[in-house]
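Worksheet: the structure to be examined is printed underneath.
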Amino acid sequence: MKILLIKDVFKLGRAGDVKKVADGYGRNYLIPQGLAILATPGALKQADRIRSKASERREALNNELGGLAEQIEGLRLLFSAKAGDSDKLYGSITTQQIADAVEKETSFKIKKQQIEVQPIRTLGKHIAKARLTMDLVPEFNVVVYREGEAAPAEGEEYVPGVEEEENVEASVMPEAVEELDASEEAEVVDDSDVVEPVEEAAEKTEEIEETEA
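Using the UniProt record's numbering, the first residue of the sequence shown is number 1, and each one after it goes up by one.
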């Protein structure tokens with residue numbers, strides 16, 4: 001079915017765009033949520049007006065959140081985590097953890113659905129993004145270092161290290177005892193209303209896409 005978006009919908013389009021979507025997605029979500037209307041000839045005549053008003057709202061929102069985007073851009077968030085000698089984490093750094101860290105640094109509440117990042121399951125530097133609006137998506141760094149190591153200093157490039165070897169004495173034969181170096185690996189176990197149209201739509205869009213899939 002064809003629909004006319006009357007609000008910005010992340011991963012789908014901007015207000016005023018005409019899109020072809022699955023019937024269930026359009027009738028059960030987009031239209032009931034007030035995000036779109038059927039793309040009838042009469043509705044299409046309103047496209048320019050809808051697009052113009054949405055552009056004004058978007059510009060105001062971008063101006064309001066522009067300062068926050070500047071704070072987040074280039075931010076460096078540090079996380080300590082347990083990992084094996086292959087640098088693989090026992091667990092992962094979640095989008096909720098990242099959202100909480102961003103809020104701590106900026107004093108602005110970010111929802112986990114606004115964080116875009118590949119699954120973080122290894123030590124090292126990872127690139128993440130915070131989706132504030134359709135236009136404002138600042139990029140920042142997430143650095144995961146091994147638990148027990150010193151946190152990397154500001155400006156220091158973190159390179160995962162190898163766990164220290166421990167020397168242990170082993171009995172080889174009753175009549176002869178010699179010292180052996182053994183590498184013993186440690187046991188490790190592991191927006192507010194302002195941005196509502198974009199973030200809520202993104203969250204629910206992803207849920208419906210997963211259901212239909």
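In this text, a Cβ means the ideal position worked out from N, Cα and C, and glycines have one as well. Values in this document were obtained by computation on a predicted structure and should not be read as measured data.
Tell me whether residue i sits in a helix, a strand or coil according to DSSP, three-state version.
{"i": "S52", "result": "helix"}
{"i": "A101", "result": "helix"}
{"i": "I37", "result": "strand"}
{"i": "I127", "result": "strand"}
{"i": "T122", "result": "strand"}
{"i": "G13", "result": "strand"}
{"i": "V158", "result": "Residue 158 is actually Tyr in this sequence, not Val. Three-state DSSP puts Y158 in coil, outside helix and strand."}
{"i": "E59", "result": "helix"}
{"i": "I3", "result": "strand"}
{"i": "K112", "result": "helix"}
{"i": "I31", "result": "coil"}
{"i": "E70", "result": "helix"}
{"i": "E64", "result": "helix"}
{"i": "G26", "result": "helix"}
{"i": "I42", "result": "It is Gly, not Ile, that sits at residue 42 in the sequence shown. It is helical."}
{"i": "A81", "result": "strand"}
Taking 6 angstroms as the cut-off, is the beta-carbon of residue i closer than that to any non-hydrogen atom of the ligand ZN?
{"i": "E73", "result": "This structure simply doesn't include the ligand ZN, nor any ligand for that matter."}
Does residue i pass the burial test, meaning 16 or more other C-beta atoms within 10 Å, or should it be called exposed?
{"i": "I115", "result": "buried"}
{"i": "A176", "result": "Because the pLDDT at A176 is just 38, under 50, the model does not fix this residue reliably, and the value given afterwards should be weighed accordingly. Its Cβ having fewer than 16 others within 10 Å, A176 is exposed."}
{"i": "Q118", "result": "exposed"}
{"i": "T133", "result": "buried"}
{"i": "K11", "result": "exposed"}
{"i": "R58", "result": "buried"}
{"i": "D8", "result": "buried"}
Just confirm the distance between the C-beta atoms of residue i and residue j, as a whole number of angstroms; I'd bet it's less than 8 angstroms.
{"i": "A128", "j": "I110", "result": "With 8 angstroms as the limit, A128 and I110 do not qualify as a contact, their Cβ atoms being about 11 angstroms apart."}
{"i": "M1", "j": "V21", "result": "6 angstroms"}
Does the count of Cβ pairs from the segment 88 to 102 and the segment 138 to 151 closer than 8 angstroms reach three? yes
Counting Cβ pairs, one atom from each stretch, are 3 or more of them under 8 angstroms apart for the segment 71 to 91 and the segment 133 to 140? yes
The segment 60 to 71 touching the segment 17 to 33, judged by at least three CB pairs closer than 8 angstroms: no
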